[in-house]
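One structure is given here, and the rest of the page talks about it.
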Amino acid sequence: MAMLEVKDLEVYYGMIQAIRGISFEVNEGEIVSLIGANGAGKTTILHTITGLLSPKKGSVLFEGKEITKIPAHKIVSLGMAHVPEGRRVFAQLSVYQNLKMGAYTRKDKDELEKTLETVYKRFPRLEERKNQLAGTLSGGEQQMLAMGRALMSHPRIILMDEPSMGLSPILVNEIFDIIQSVSASGTTVLLVEQNAKKALSIADRAYVLETGNIVMTGDAKELMNDDSIKKAYLGE
Amino acid sequence: MSFLSYLINGISLGSVYAIIALGYTMVYGIAKMLNFAHGDVIMVGGYAALTMMLSYSANPFVAVLVAIVVCTVLGITIEAIAYRPLRGAASPLAVLITAIGVSYFLQNIVLLIFGSNPKNFQSVVPLPDLKLADGALMITGETIVTIISCIVIMIALTTFINKTKAGQAMLAVSEDRGAAQLMGINVNGTIALTFAIGSGLAAVAGVLLCSSYPSLSPYTGSMPGIKAFVAAVFGGIGSIPGAMIGGILLGIIEILGKAYISSQLADAIVFAVLIVVLLVKPTGLLGKQIQEKV
Chain A
1 MAMLEVKDLE
11 VYYGMIQAIR
21 GISFEVNEGE
31 IVSLIGANGA
41 GKTTILHTIT
51 GLLSPKKGSV
61 LFEGKEITKI
71 PAHKIVSLGM
81 AHVPEGRRVF
91 AQLSVYQNLK
101 MGAYTRKDKD
111 ELEKTLETVY
121 KRFPRLEERK
131 NQLAGTLSGG
141 EQQMLAMGRA
151 LMSHPRIILM
161 DEPSMGLSPI
171 LVNEIFDIIQ
181 SVSASGTTVL
191 LVEQNAKKAL
201 SIADRAYVLE
211 TGNIVMTGDA
221 KELMNDDSIK
231 KAYLGE
Chain L
237 MSFLSYLING
247 ISLGSVYAII
257 ALGYTMVYGI
267 AKMLNFAHGD
277 VIMVGGYAAL
287 TMMLSYSANP
297 FVAVLVAIVV
307 CTVLGITIEA
317 IAYRPLRGAA
327 SPLAVLITAI
337 GVSYFLQNIV
347 LLIFGSNPKN
357 FQSVVPLPDL
367 KLADGALMIT
377 GETIVTIISC
387 IVIMIALTTF
397 INKTKAGQAM
407 LAVSEDRGAA
417 QLMGINVNGT
427 IALTFAIGSG
437 LAAVAGVLLC
447 SSYPSLSPYT
457 GSMPGIKAFV
467 AAVFGGIGSI
477 PGAMIGGILL
487 GIIEILGKAY
497 ISSQLADAIV
507 FAVLIVVLLV
517 KPTGLLGKQI
527 QEKV
């Protein structure tokens, strides 16, 4: 059984259909990437999975359980965290307060301290700046904070939306290294990226999205060598 | 000596404005709407306390508690029935117009129940007046209680927001509703809590206001409501310390304006000050304009 299963999903913004009947799945332990151009519907899919949008048709199953109708604020405690596009850290709260927000639904105080330590270990920059307001961090640091905040909920699956957006190439590499190490530590990853090259380089499998449809899917390494993908997304 | 006495009266009136403004500013910050019915909740609080004291001869303390409960429930109900269904409406004007409708609704319901004649409000403050400097400076018990209440509320509210989980959730919702939901925060619940606190405070403000100015009619809430809104904008809408400072400054300006310039012009002066402040600093005195790095 797949950990996350999306079936025949259709999502509308008013009259406009953004997602046209999409199905895909993510297995436990995988890094699965959704790639596609701006406007292909990648963010819409993530928002629908975590309940910020509701689909017109189709369903989302997490660990076999239907979560399509569950409100957004009850998703995180099921073990699914979402790092939103544009980071969306709480600018007027400190780094530490942001991280605590990530653990909002957790009741296990002792375990929580341990999670905080592992997050600080993974992102030493966040510990150095724990009392600084999140709005004053650089873009890369904010991305780290958004990821750290999501990890604070101790998720079994983490959804990341364009983590490389607006970052310098060096920082992009750093962020992708972190994603790989998050995956290696046992968290399943669903990664949405415009930077197809980077995404395919770390993913196990990938789905290619075009205007609300999945047009291609397969092993990430194979997709990387596919001529049409190379032309359309890898700029070769 | 008379200046000092005006100043103290101004701080006292300003404290009432500040307590009302807190409700405005919290609701604006968290629900992103202007609740123009907030002033009328004050009036309902006044009637609730008065009814308890007159009809049930409750002691003032119980009357105040009942008023707080009535207003808290009223605030939650208004939010759930009138505002929540409009959240996510295409135009933010929908909820604004509804708020004006709720305001008239409350005024007319009270008009229907209690009639239009102003009622004489009994002060809930048992303290005697304080005479200083051989009687040249007199501070009423109401003034003292009002100022102390304002300080206590400010400290309690700040502590609540910075130290409790629900308070942090309020800050998160005020900044980014979607991201707050992703953290597991129940946005509807948080907004309802905000209305509950704001309306509870409105009851306190209503009782304090009517104790100092003992006349209560269905329209008692509207002018203080508007002034408190001005105070909230003056201090920087969305900012809690801003509402406090805005409220107190407004009270002082109003009383000093009445005393030294013209009692007819006092309100005009209050609004003129608002215009000047907004021209010079559009975000209000403590309005936040954090530049976010991208």
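Read top to bottom, the protein sequences are chains A and L. Counting in this note's numbering, the first sequence tops out at residue 236, every number present. Counting in this note's numbering, the second sequence tops out at residue 530, every number present. Glycine included, every Cβ here is placed at the ideal spot set by N, Cα and C.
is_contact[residue i, chain L] using C-beta, thresh 9 Å
{"i": "Ala-81/A", "result": "yes"}
{"i": "Tyr-233/A", "result": "no"}
{"i": "His-73/A", "result": "yes"}
{"i": "Lys-114/A", "result": "no"}
{"i": "Gly-41/A", "result": "no"}
{"i": "Leu-191/A", "result": "no"}
{"i": "Ala-18/A", "result": "no"}
{"i": "Thr-187/A", "result": "no"}
{"i": "Phe-62/A", "result": "no"}
{"i": "Gly-102/A", "result": "yes"}
{"i": "Lys-90/A", "result": "Looking at the sequence itself, residue 90/A is Phe, so the reference to Lys does not match. Cβ-Cβ to chain L under 9 Å: yes for Phe-90/A."}
{"i": "Pro-84/A", "result": "yes"}
Distance between beta carbons of residue j and residue i, contact taken as under 8 Å
{"i": "Ala-479/L", "j": "Ala-257/L", "result": "4 Å"}
{"i": "Val-189/A", "j": "Ile-31/A", "result": "4 Å"}
{"i": "Met-152/A", "j": "Gly-186/A", "result": "In fact, because the Cβ distance is near 16 Å, the residues do not count as touching under 8 Å."}
Terminal residues of the beta strand (DSSP E) in which residue i lies
{"i": "Thr-217/A", "result": "213 to 219"}
{"i": "Ile-16/A", "result": "16 to 26"}
{"i": "Gly-36/A", "result": "31 to 36"}
{"i": "Val-338/L", "result": "Val-338/L -> not in any beta strand (DSSP E); alpha helix (DSSP H) instead, spanning 329 to 350."}
{"i": "Asp-8/A", "result": "4 to 13"}
{"i": "Ser-59/A", "result": "57 to 62"}
{"i": "Tyr-207/A", "result": "205 to 210"}
{"i": "His-73/A", "result": "Per DSSP, His-73/A belongs to no beta strand (DSSP E) and is neither H nor E."}
Residue from the options with nearest C-alpha to residue i
{"i": "Ile-266/L", "options": "Ile-491/L, Ser-238/L, Ile-421/L and Ala-441/L", "result": "Ile-421/L"}
{"i": "Leu-46/A", "options": "Glu-222/A, Asn-173/A, Thr-188/A and Asp-161/A", "result": "Asp-161/A"}
{"i": "Val-513/L", "options": "Lys-355/L, Gly-471/L and Gly-493/L", "result": "Gly-471/L"}
{"i": "Cys-307/L", "options": "Tyr-283/L, Ala-318/L and Pro-321/L", "result": "Tyr-283/L"}
{"i": "Val-60/A", "options": "Ser-201/A, Gly-21/A, Gly-135/A and Asp-177/A", "result": "Gly-21/A"}
{"i": "Ser-33/A", "options": "Glu-174/A, Ile-202/A, Ser-181/A and Asp-226/A", "result": "Ile-202/A"}
{"i": "Met-165/A", "options": "Gly-86/A, Thr-48/A and Lys-107/A", "result": "Gly-86/A"}
{"i": "Lys-107/A", "options": "Ile-67/A, Lys-130/A, His-154/A and Gly-135/A", "result": "His-154/A"}
{"i": "Ser-181/A", "options": "Leu-93/A, Gly-29/A, Asn-225/A and Val-6/A", "result": "Gly-29/A"}
{"i": "Met-419/L", "options": "Asn-131/A, Ala-146/A, Lys-7/A and Lys-109/A", "result": "Ala-146/A"}
{"i": "Ala-303/L", "options": "Ala-428/L, Ile-333/L and Val-360/L", "result": "Val-360/L"}
{"i": "Leu-521/L", "options": "Gly-351/L, Gly-474/L and Ala-416/L", "result": "Gly-474/L"}
{"i": "Gly-135/A", "options": "Gly-102/A, Ala-91/A, Val-119/A and Lys-198/A", "result": "Ala-91/A"}
{"i": "Lys-197/A", "options": "Ile-178/A, Asn-131/A and Asp-226/A", "result": "Asp-226/A"}
{"i": "Leu-273/A", "options": "Lys-121/A, Met-224/A, Ala-206/A and Asn-213/A", "result": "The structure shown does not extend to residue 273/A, since chain A is modelled only from 1 to 236, so the question has no answer here."}
{"i": "Gly-58/A", "options": "Tyr-12/A, Gln-142/A, Ala-184/A and Tyr-207/A", "result": "Tyr-12/A"}
{"i": "Ala-184/A", "options": "His-82/A, Arg-156/A, Gly-79/A and Val-215/A", "result": "Arg-156/A"}
Below-9 Å beta-carbon distance, residue i vs any chain A residue
{"i": "Lys-401/L", "result": "yes"}
{"i": "Val-530/L", "result": "Here the model assigns Val-530/L a pLDDT of 43, short of 50, so the residue's position is not dependable, and the following value carries that caveat. Output row for Val-530/L: interface = yes."}
{"i": "Glu-490/L", "result": "no"}
{"i": "Met-269/L", "result": "no"}
{"i": "Glu-411/L", "result": "yes"}
{"i": "Gly-472/L", "result": "no"}
{"i": "Gly-520/L", "result": "no"}
{"i": "Gly-414/L", "result": "yes"}
{"i": "Ile-511/L", "result": "no"}
{"i": "Gly-420/L", "result": "yes"}
{"i": "Leu-393/L", "result": "no"}
{"i": "Gln-527/L", "result": "For Gln-527/L, the pLDDT reaches just 48, beneath the cut-off of 50, and the residue's location in the model is therefore unreliable, leaving the point undetermined."}
Proximal residues to residue i (C-beta, below 7 Å), its chain only, five neighbours per side dropped
{"i": "Asn-245/L", "result": "Thr-379 and Ile-491"}
{"i": "Ala-254/L", "result": "Cys-386, Ala-467, Ala-479, Met-480, Gly-483 and Ile-484"}
{"i": "Asn-27/A", "result": "Ala-2 and Met-3"}
{"i": "Glu-210/A", "result": "Gly-36 and Ala-40"}
{"i": "Glu-315/L", "result": "Ile-427, Ala-428 and Phe-431"}
{"i": "Leu-310/L", "result": "Val-277, Val-280 and Ser-435"}
Unbroken alpha helix (DSSP H) run spanning residue i, endpoints
{"i": "Asp-503/L", "result": "502 to 516"}
{"i": "Glu-128/A", "result": "124 to 128"}
{"i": "Ser-248/L", "result": "238 to 267"}
{"i": "Phe-396/L", "result": "377 to 399"}
{"i": "Ile-178/A", "result": "169 to 184"}
{"i": "His-47/A", "result": "42 to 49"}
{"i": "Ala-199/A", "result": "196 to 202"}
{"i": "Gly-434/L", "result": "423 to 448"}
{"i": "Ile-488/L", "result": "476 to 492"}
{"i": "Val-305/L", "result": "296 to 314"}
Own chain partners of residue i with C-beta closer than 6 Å, once the 5 adjacent residues on each side are dropped
{"i": "Asn-271/L", "result": "Val-263 and Ala-335"}
{"i": "Met-1/A", "result": "Gly-64"}
Beta-carbon proximity list for residue i, same chain, < 8 Å, skipping 5 on both sides
{"i": "Phe-507/L", "result": "Val-466"}
{"i": "Pro-364/L", "result": "Gly-377"}
Interface residues of chain C facing residue i [CB-CB closer than 8 Å]
{"i": "Val-277/L", "result": "Here chain C cannot be found, since the structure's protein chains are A and L."}
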